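Number of protein chains: 2
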Amino acid sequence: MTKTMKISEAVVRRLPVYLRFLNELHKKNVQTVSSQDLGHKLDLNPAQIRKDLAYFGEFGKKGIGYDVDYLIEKIRQILKIDKVIPVALVGAGNLGRALCNYNAYLKDNMKIVAVFDAQPNKIGESINNLKVKPMQELCPTIRELSVRIGIITVPAAEAQSVANQFVESGVEAILNFAPIIIKVPNEIRVHHADFTTELQSLAYYLDE
Amino acid sequence: MTKTMKISEAVVRRLPVYLRFLNELHKKNVQTVSSQDLGHKLDLNPAQIRKDLAYFGEFGKKGIGYDVDYLIEKIRQILKIDKVIPVALVGAGNLGRALCNYNAYLKDNMKIVAVFDAQPNKIGESINNLKVKPMQELCPTIRELSVRIGIITVPAAEAQSVANQFVESGVEAILNFAPIIIKVPNEIRVHHADFTTELQSLAYYLDE
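First to last, the sequence lines map onto chains A and B.
The working numbering numbers the first residue of the first sequence as 44 and each following residue consecutively.
The working numbering numbers the first residue of the second sequence as 44 and each following residue consecutively.
This is the structure we're talking about:
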C-alpha cells in the first residue's frame, strides 16, 4: 500500500511528531484520539492530520477517532522503525555528545551504536556508554553492527570525507549536521540538519 | 511584493541553502550562476529553483543566469537577515555549546548574543566569548539587547517554562530543540528542531 505511493517529505516529517504524541497517550492508557485532539496538541489543522493519515489507509472511525495503539503500530511500520535500525555517528564534539545523549529518547529501535572521531585525544572517551573509536575502525564496525544510518557532526571541511567513508562502508542514509552540502551517490538519502538554515528560515516569519 | 504572497515553508527552508552557496560563489568572485549550476551543486531540480526564485520577482536572465550579488541581497531581504537579529539561547549543555560555536557561521546578522542556564554551576562559564547568565537575568537582558529569537536547548521537562519566559520577555520566534511540543500564543512562531524527528523521517527512505 505504501510502496506504490509517493509521500511528500512534509508528510514524512510530520509522522514522527504524531508518533511522539501517540506514544504519550499510550503511556497514559488513552485508547482513542480524534484528529481535533491531535490538531490542538500539535498545533496542526485537524483536516491536515486526517489527510496525512489517510495516505496510509483508513484508520479513523467517524465520531470515535483513531485507535492509538493501531496508529502507533502503523506509523512505526510506515517509518520502518518497527525493526532495529543501528546508527553510527562521526564527530564526538559538543554536538555529537548532545546527540548521543538523545539515545534515551530513541525508543523506537533507532539507536546510536557506534561513535567515531579522528582526533587521538577523543579516542576511548566514553559517551553515554559508547566508547569513541578511531576512524580506521569505521568500516569494519559499520559492517559488523549492520549500521544503516550515519550521522555527521564533524567540521565542514571534514564532512565530505566522512560521507565518502560512510558510503563505502554500506550506510544507506546520512544525517549531516555539518554546514556544507555533501555529495553522495543517488541511492543514498541525505538530510541536512543545519542550524543556520533553521535560524534563517525562522527569521522570515518575524514582523518587519 | 513579498508581503502579499504566502510562501510555503518548503521554499522558505530552501532559501538559506541557496544563500550559503551564493555566498561561496561571491567569495570566489563568481558574478553569475545558472539554475543548472545551482541545481547540480544543491542536488535540486533546476526548474524547482527557478520556480522558487520566481516567487520573489524575475531575477534571472535567460542564457546568462542570476546575478550572484543581487540574488544574495534579495534573499537576505526576503529572509529579513539584511538587518541585525539578536538571538538568545537557554540551556548551556552540549547542544547549547555546539550551537554557540556555530556563531562563527552566522555571518548574516544573526548572532547569539546571550546564553542562560538554570544550573548554578554553569553560571559564569564562558562559551565562545559569551558568559552564561542566570535565568533571573533573562527578561532584562532580552529587553536590553532587543533579542527577537530565542533558542531552547534545555531538557524536555523545562522547555515549556523557558518558552513562557521568552514570550513574556517579548521574543517573537522560538527555535525549540527540546523533544517536546511547546505551546505559545499564535503570534509567536515556533520551529521544532528535533533530532528524533530528523532520524525517524530519514528511516522512511531506507529500503525494506
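Even glycine gets a Cβ: it sits at the ideal position worked out from N, Cα and C.
Model, not experiment: these values are computed from the prediction.
Here the alpha carbons of B:Phe238 and A:Gly136 stand approximately 16 Å from one another. With distances taken between CA atoms, A:Ala246 lies nearest to B:Ile231 out of B:Gln243, B:Thr240 and B:Ile231. Residues of the same chain with a CB within less than 6 Å of the CB of B:Ser78, apart from the 5 flanking positions on each side, are Pro89, Ile92 and Arg93 in chain order. Unbroken alpha helix (DSSP H) runs of no fewer than 4 residues, entirely contained in the segment 195 to 221 of chain B, are found at 199 to 212, following chain order. A:Val190 sits close to A:Ala131, with the two beta carbons spaced by under 9 Å.
The residue among A:Gln162, A:Ala200 and A:Val158 with its C-alpha nearest the C-alpha of A:Cys182 is A:Val158. Residue environment for B:Ser169: exposed (fewer than 16 other C-beta atoms within 10 angstroms of its C-beta). Remark: C-beta atoms of A:His234 and A:Ala216 approach each other more closely than 9 Å.
A Cβ-Cβ separation of about 6 Å places B:Val210 in contact with B:Pro228 under the 8 Å criterion.
Beta-bridge annotation (DSSP): A:Ser169 is paired with A:Lys174. For the pair B:Ile194 and A:Leu242, the Cα-to-Cα distance works out to about 9 Å.
Each residue's CA atom was taken as its position, placing A:Leu188 and A:Lys176 some 14 Å apart.
The beta carbons of A:Val111 and B:Thr240 sit no closer together than 9 Å. Rounded to whole angstroms, the gap between the alpha carbons of A:Ser51 and A:Ile118 is 15 Å. One Cα belongs to B:Thr75, the other to B:Asp160, and the distance between them is close to 45 Å. DSSP, read as helix, strand or coil, puts B:Lys84 in helix. At the C-beta level, A:Thr196 and A:Phe220 come within 9 Å of one another.
Contact with chain B is found for A:Val55, since one of that chain's Cβ atoms lies less than 9 Å from the residue's Cβ. Residue-level contact by beta carbon holds for A:Phe238 and chain B, with a gap shorter than 9 Å.
CA-CA distance, A:Gln179 to A:Ile225, rounds to 21 Å.
With respect to chain B, the C-beta atom of A:His234 has a partner C-beta closer than 9 Å. Beyond the five residues adjoining it in sequence on each side, B:Leu58 comes within less than 7 Å, by CB distance, of Ile118, Ile121 and Leu122 in the same chain, given in chain order. At the C-beta level, A:Gln208 and A:Val156 stay beyond 9 Å of one another. Contact between B:Ala53 and A:Ala200 does not hold, since the beta-carbon distance rounds to 29 Å and is not under 8 Å. The continuous beta strand (DSSP E) containing B:Gly108 extends over residues Gly108 to Asp110. Burial state of A:Asp95 is buried, judged by a 10 Å Cβ sphere holding 16 or more other Cβ atoms. Scanning B:Asn172, B:Ile166, B:Lys126 and B:Gln162 for the CA closest to the CA of B:Asn144 turns up B:Asn172.
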